[in-house]
Amino acid sequence: MQSLRHILSLPFLRGRYTAVGGRLGMPRPDDAPTSHAPGIDPDRVLVFGNGAAVGWGVRSHDLALPGQLARRVAATTGRGTDVDLVADPLLTIRTAAEAVPVARLAAYDAVVVVIGMSDALRLTSERKWRAGMWQLLETLTTNVHDGAGILVVGVSTPSAIKVFNMKEGSVVDDHAAALNAITRELCRTRDGVEFVASPTTPSSPNAETRSTLAPELFKVWGTELAAGLAPLLDAQFLRGRAACPNRDRVQTEEERLEAIRALGILDSPHEKRFDDIVERARVLLGTSGAAFSVVDRERIWNKALAGSAVVESPLRGAMCAETIKTNAPFVVSDVWHDDRFVTHPSVRFYAGHPIETAEGIRIGALCVTDPDPRAADSVDLVLLRELALSVQKELRKAAALA
Numbered sequence: 054m055q056s057l058r059h060i061l062s063l064p065f066l067r068g069r070y071t072a073v074g075g076r077l078g079m080p081r082p083d084d085a086p087t088s089h090a091p092g093i094d095p096d097r098v099l100v101f102g103n104g105a106a107v108g109w110g111v112r113s114h115d116l117a118l119p120g121q122l123a124r125r126v127a128a129t130t131g132r133g134t135d136v137d138l139v140a141d142p143l144l145t146i147r148t149a150a151e152a153v154p155v156a157r158l159a160a161y162d163a164v165v166v167v168i169g170m171s172d173a174l175r176l177t178s179e180r181k182w183r184a185g186m187w188q189l190l191e192t193l194t195t196n197v198h199d200g201a202g203i204l205v206v207g208v209s210t211p212s213a214i215k216v217f218n219m220k221e222g223s224v225v226d227d228h229a230a231a232l233n234a235i236t237r238e239l240c241r242t243r244d245g246v247e248f249v250a251s252p253t254t255p256s257s258p259n260a261e262t263r264s265t266l267a268p269e270l271f272k273v274w275g276t277e278l279a280a281g282l283a284p285l286l287d288a289q290f291l292r293g294r295a296a297c298p299n300r301d302r303v304q305t306e307e308e309r310l311e312a313i314r315a316l317g318i319l320d321s322p323h324e325k326r327f328d329d330i331v332e333r334a335r336v337l338l339g340t341s342g343a344a345f346s347v348v349d350r351e352r353i354w355n356k357a358l359a360g361s362a363v364v365e366s367p368l369r370g371a372m373c374a375e376t377i378k379t380n381a382p383f384v385v386s387d388v389w390h391d392d393r394f395v396t397h398p399s400v401r402f403y404a405g406h407p408i409e410t411a412e413g414i415r416i417g418a419l420c421v422t423d424p425d426p427r428a429a430d431s432v433d434l435v436l437l438r439e440l441a442l443s444v445q446k447e448l449r450k451a452a453a454l455a
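Counting with the numbering used here, you get residues 54 to 455 for the letters of the sequence shown.
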């Protein structure tokens, strides 16, 4: 039962939460909600929630939690890391389960949940919190793949966040602790779900210095969460990637064509942003040709080209059609000696990396080619992947603005 102090505080605190909801005009990231750390066969992580997940105080997700977490996990595991973000400052425990991206959840190796500050400030009842958290955990555990790790981050102590201007030990601090106790209890009842305390966050009461502290805040969060996340990812990696079948699941032609239609790039004019990436790929990887190729129904159409004038070619026997079958790089040392492919006089060596939409649909490839055969290890596949991710980031940026 709620105390009289709790009940009397409700109107005041909910009004304050509404007023502070805009975060006093603080910036937040407006780029694609994803970040990456270099490496082949990357771990895939979803960050879901509100509060620190939103990225208050910085303009890029690379500086916010996704970027900091990706880099620190990769530094610990020695593998690449891809971090996607689904965050909404208006999210509450009541709406959380419905906001989970269920359709693509099984493609992630781990999920990090950051939620509860808004509910603590609004004094959401413990009964509603328990019901909402149970439903959120049920949705997550039902839809992730077997062996995926779920990390639930506790609610930070509200008085430690100076923008809220609250006294230590207030009713809100007590309420946040009560919500954390419920969450910890619910996490214990589910395999693969771990509760971790909210990282200690540096803060300042000075509005002029809050934005400069934001990157440090996210660095602390990334470091502390990586310490809990990396062992889960390492254990899963040792069991083998077969535990995550959606990572390389067979995708239908209709899925791919629908994703291409949604992007609206097929037969569109060349764009400098893609041309520049493709030219960098050609130069940095030391090849004679490079392309950002889209795999259409019956043809390969090149959105961007470097060192070649072939805008499109038949789909049958094309290397890019093979590349999009998995999310890993694909290399052919000598195309002329591989019966799977139609030979071309100017292409003997091929290396490509699939290009994915935000939903994980592989629509094409960033590829480099040479007229002479080459060893498979003569191309830096980590760099090829980084350049492919640059293409993906541009695609997602355009989709976000549409």
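Every residue, glycine too, gets a C-beta built ideally from N, C-alpha and C.
The beta strand (DSSP E) with R352 in it runs from where to where? Position 299 of the sequence shown, counting from 1, holds the residue named residue 352. Segment R352 to A359, the beta strand (DSSP E) holding R352.
Status (buried if at least 16 other CB within 10 Å, exposed otherwise) for L321: As a position in the sequence shown, residue 321 is number 268, starting the count at 1. Reading off the sequence shown, one finds Ser at residue 321, where the question assumed Leu. By the 10 Å Cβ count, S321 comes out exposed.
*asked:* By alpha-carbon positions, which one of A428, L319, E247 and G102 ends up nearest to I416?
replied: Within the sequence shown, numbered from 1, the residue matching residue 416 stands at position 363. Ranking A428, L319, E247 and G102 by Cα distance to I416 puts L319 first.
What does the alpha-carbon distance come out to for the pair T194 and L337?
As a working mapping, residue 194 is identified with position 141 in the sequence shown. As a working mapping, residue 337 is identified with position 284 in the sequence shown. If you take the alpha carbons of T194 and L337, they lie about 43 Å apart.
From A359 to N380, what distance separates their C-alpha atoms? As a working mapping, residue 359 is identified with position 306 in the sequence shown. As a working mapping, residue 380 is identified with position 327 in the sequence shown. So the alpha carbons of these two residues sit roughly 23 Å apart.
Exercise. Do you know whose CA, among T177, P407 and L270, lies nearest A213's CA?
Worked result: One-based indexing of the sequence shown puts residue 213 at position 160. Checking every option, the nearest Cα to that of A213 belongs to L270.
Original post:
Which residues in the same chain as R112 place their Cβ atom closer than 7 Å to its Cβ, once the five residues preceding and following it in sequence are excluded?
Top reply: By 1-based counting over the sequence shown, the position of residue 112 is 59. Hits under 7 Å: P80, P82 and D83.
- Query: Which residues bound the alpha helix (DSSP H) around F101?
  - Reply: Sequence index remark: in the sequence shown, residue 101 carries index 48 (1-based). Not the alpha helix (DSSP H): F101 falls in the beta strand (DSSP E), residues D96 to G102.
Is the stretch 90-102 close to the stretch 132-141, with three or more CB pairs under 8 Å?
yes
Compare the beta carbon distance of T422 and V444 with 7 Å and say whether it is the shorter of the two.
For the purposes of this step, residue 422 is taken as residue 369 along the sequence shown, with counting starting at 1. For the purposes of this step, residue 444 is taken as residue 391 along the sequence shown, with counting starting at 1. No.
(request) Below 8 Å on the Cβ atoms is my guess for A429 versus W274; work out the distance and round it to an integer in Å. (result) The sequence position of residue 429 within the sequence shown is 376, counting from 1. The sequence position of residue 274 within the sequence shown is 221, counting from 1. The pair is not a contact, with the Cβ atoms about 39 Å apart (cut-off 8 Å).
By the DSSP assignment, the beta strand (DSSP E) with F327 in it spans what residues?
The residue you call residue 327 lines up with position 274 of the sequence shown. Counting along the chain, F327 falls outside any beta strand (DSSP E), though it belongs to the alpha helix (DSSP H) covering K325 to L337.
* Asked: Just reading off the beta strand (DSSP E) that L138 is part of, what are its end residues?
  -> Numbered from 1 along the sequence shown, position 85 holds the residue referred to as residue 138. It spans T134 to A140 - the beta strand (DSSP E) in which L138 sits, taken as one unbroken run.
Item to complete: Evaluate V363 with the Cβ neighbour count: other Cβ atoms within 10 Å of its Cβ, from every protein chain shown; 16 or more gives buried, anything less gives exposed.
Response: Translated into positions along the sequence shown, residue 363 becomes position 310. Looking at its Cβ environment, which holds fewer than 16 other Cβ atoms inside 10 Å, V363 is exposed.
Would you kindly report the start and end of the unbroken alpha helix (DSSP H) that includes C240? Taking the sequence shown and counting its residues from 1, one reaches residue 240 at position 187. Element bounds for C240: V224 to R241.
Under the rule that 16 or more other beta-carbon atoms within 10 Å means buried, what is H489, buried or exposed? Residue 489 is absent from the structure shown; the chain starts at 54 and stops at 455.
For this session: Note down, in chain order, each residue of its chain lying with its Cβ closer than 7 Å to the Cβ of A426, except the 5 sequence neighbours on either side.
Result: As a first step, residue 426 must be located in the sequence shown, where it is residue number 373. In the sequence under discussion, the amino acid at residue 426 is Pro, which differs from the Ala named in the question. Only S386, D387, R401 and F402 meet the Cβ criterion.
For G37, the first and last residue of its enclosing beta strand (DSSP E)
There is simply no residue 37 to check, as the chain begins at 54 and stops at 455 in what is shown.
According to DSSP, residues forming a beta bridge with G185: Counting from one through the sequence shown, the residue named residue 185 turns up at place 132. Looking at the DSSP assignment, G185 forms no beta bridge with any residue, so it has no partner.
Given a cut-off of 7 Å on the beta-carbon distance, is the pair W182 and L239 in contact? Position 129 of the sequence shown holds residue 182. Position 186 of the sequence shown holds residue 239. For W182 and L239, no; Cβs fall outside 7 Å.
Item checked: Contact under 7 Å by Cβ, T376 with A312 -> Your numbering for residue 376 matches position 323 in the sequence shown. Your numbering for residue 312 matches position 259 in the sequence shown. Against a cut-off of 7 Å, the Cβ pair of A312 and T376 comes out as no contact.
So what's I318 in DSSP terms, helix, strand or just coil?
Here residue 318 refers to the residue found at position 265 of the sequence shown. Note: I318 maps to coil in three-state DSSP.
- [ ] Kindly list the residues whose CB is nearer than 6 Å to the CB of E439, restricted to its own chain and excluding five residues on each side of it in sequence; keep chain order.
- [x] Position 386 of the sequence shown, counted from the start, is the residue given in the question as residue 439. P91.
- Task: Name the residue from A230, I330, L278 and D199 whose alpha carbon lies nearest to the alpha carbon of V205.
- Result: For this step, residue 205 is matched to residue 152 along the sequence shown. V205 has its Cα closest to that of L278, out of A230, I330, L278 and D199.
Sequence ranges, beta strand (DSSP E) only - wholly within the stretch 146-176, length at least 3: 163-167
- Query: Helix or strand or just coil, what does DSSP make of N259?
  - Reply: In the sequence shown, counting from the first residue as 1, residue 259 sits at position 206. For N259, the pLDDT reaches just 43, beneath the cut-off of 50, and the residue's location in the model is therefore unreliable, although a value from the coordinates is still provided. Residue state, collapsed to three classes: coil.
_Close beta carbons around M186, own chain, < 7 Å, minus the five adjacent residues each side_ = Position 133 of the sequence shown, counted from the start, is the residue given in the question as residue 186. Excluding sequence neighbours, M186 sits near I146, I235, T236 and L239.
Would you mind stating whether T276 and R125 have Cβ atoms separated by less than 7 Å?
-> As a working note, residue 276 is residue 223 in the sequence shown. As a working note, residue 125 is residue 72 in the sequence shown. Result yes, Cβ atoms of T276 and R125 sit closer than 7 Å.
| message | Need the endpoints of the alpha helix (DSSP H) that V126 sits in, please. | response | Indexing the sequence shown from 1 puts residue 126 at position 73. Its alpha helix (DSSP H) spans residues L118 to T130.
The beta strand (DSSP E) with A418 in it runs from where to where? Working through the sequence shown from its first residue, we reach residue 418 at position 365. Segment R415 to D423, the beta strand (DSSP E) holding A418.
Original post:
So what's F457 in DSSP terms, helix, strand or just coil?
Top reply: Not covered by the structure: residue 457. The range shown for the chain is 54 to 455.
So, with DSSP's three-state summary, where would you put I313? Translated into the one-based positions of the sequence shown, residue 313 becomes position 260. In the structure shown, I313 sits in a helix (DSSP, three-state: H, G or I).
To the nearest angstrom, report how far apart L448 and A344 are at their CA atoms. For the purposes of this step, residue 448 is taken as residue 395 along the sequence shown, with counting starting at 1. For the purposes of this step, residue 344 is taken as residue 291 along the sequence shown, with counting starting at 1. If you take the alpha carbons of L448 and A344, they lie about 15 Å apart.
Between E351 and the rest of its own chain, which residues show a CB-CB distance below 6 Å, the 5 nearest in sequence each way excluded? Residue mapping note: residue 351 aligns to position 298 of the sequence shown, counting from 1. Cβ within range, chain order: L368.
*When DSSP labels each residue in this structure, what does L144 get in the three-state scheme?*
Counting from one through the sequence shown, the residue named residue 144 turns up at place 91. The answer is coil: DSSP assigns L144 none of H, G, I, E or B.
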